[in-house]
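Note sheet for the following structure.
Residue numbers (this note's numbering): 207 to 470.
Printed below as a string of structure tokens:
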């Protein structure tokens, strides 16, 4: 009398080397879990149903791996390979009438052959470095681009402010000249004289030395304004009061006397 456990989960392990679609060899370690779905078919239709399952698994694995490139089998494509192998094994079991129902296919390990493992590890590392560098570049771009846009916006606003400032200044200058021209048309000589005096005041306010060409003579009168200012300031410090108009007049007389001596 043969006794079969029809409720327990059975497993079949496989460790094989397979040829991939891109003609590389990979090692695949896999476990197939199954149950007996039809005990009559399991006992009567096939002489060795477990052996048939093993052979069907090898065939399904060879077909699926042979239709997949090596890097997919070794990396992110392992889950898809397991699903495809499970479906193909179950199809074989139905066609053979074994009464076996496949419940799970677990790919425990996929690896290149030992002879090329080091080279493959280098390739994997290079791909990981590529992903890492790309992520770093994206992070850098996400940081730099907003900063560049902000800087461009700031430059634009500064340029706009400069434009408005220069435009307002130019309009003010134009308005001033228009008013001056209107005054000039009413009194040309008075306007020219006033402009001349304003120009002299503007120039003399920034000068510490003045050379005066005396009319009718060959000598030039030199007024050291910086020395005059120093003497006036010294007089204010020593006396506690500013130099009066008489002092200024006496200095002017001394300068004129000196000028007459030079002409002689």
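Each residue gets a CB set at the ideal place from its N, CA and C atoms; glycine is no exception.
In this structure, DSSP gives residue 317 an extended state, which the three-state scheme calls strand. Taking 8 Å as the cut-off, the Cβ atoms of residue 226 and residue 270 do not count as close.
Residue 237 is bridged by DSSP to 219, 312. Spatial neighbours of residue 303 in its own chain (CB-CB distance under 8 Å, excluding positions within 5 residues in sequence) are listed in chain order as 247, 251, 252. Boundaries of the alpha helix (DSSP H) harbouring residue 297: 284-302, taken from the DSSP string.
In the three-state DSSP reduction, residue 252 falls in the coil class, being neither helix nor strand.
Listed in chain order, the non-local C-beta contacts of residue 291 below 7 Å within the same chain comprise 266, 267, 270, 311, local neighbours out to five positions each way being set aside. Beta-bridge annotation (DSSP): residue 225 is paired with 231. Residue range 323-392 is occupied by the alpha helix (DSSP H) that includes residue 337.
Your pair residue 263 and residue 231 does not check out as a contact, with CB atoms roughly 19 Å apart and the cut at 8 Å. Going by C-alpha positions, residue 214 is about 16 Å away from residue 237. With respect to residue 233, residue 317 sits close: the two C-beta atoms are nearer than 8 Å. Looking at the backbone, the Cα of residue 356 and that of residue 369 are separated by about 20 Å.
For residue 437 and residue 377, the gap between their C-alpha atoms comes out near 45 Å.
Short of 6 Å from the beta carbon of residue 319, and not among the five residues preceding or following it, lie these beta carbons of its own chain, in chain order: 231.
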